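Working notes, beginning with the structure itself.
Numbering (the working numbering), first residue to last: 49 to 161.
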């Protein structure tokens, strides 16, 4: 027994437990999946699994979450004016805060100093 991905329109819609005979005889597209990271929502094209297609809103939410973690992880630098590359870190933090209002959002993340 193993994991079987049920695929509709190039997207995994369900994962069930079964054997390769089930996948071979399924009336539709069913593929044996060994990689535990493959799940519902992942894409399947030309016998290759890919990451889930995300909506623009989901991409933006993920980007904001990453940005917030970056800001939180660099908060400690702000009071340390003698920290190496201090001005560059402050610029980076400002770029993080401004990023959602730029045309690069959410595709191109600001670069760390």
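No residue lacks a Cβ here, since even glycine has one placed at the ideal position from N, Cα and C.
None of the values given here were measured: they were computed from a predicted structure.
- For residue 154, the CB contacts under 6 Å within the same chain, skipping 5 residues up- and downstream, are 107, 108, 111 in chain order.
- As for any beta strand (DSSP E) of minimum length 3 sitting wholly inside the segment 74–134, the runs are 77–81, 91–93, 96–98, ordered along the chain.
- Taken through DSSP and simplified to helix, strand or coil, residue 151 comes out as coil.
- Exclusion of the five residues before and after residue 129 leaves no residue of its chain whose Cβ lies closer than 8 Å to its Cβ.
- In this structure, residue 62 and residue 88 form a Cβ contact; the two beta carbons are roughly 7 Å apart against a cut-off of 8 Å.
- Note: residue 71 is not bridge-paired with any residue in the DSSP secondary-structure output.
- Contact annotation: residue 80 and residue 55 have beta-carbon atoms that are not nearer than 8 Å.
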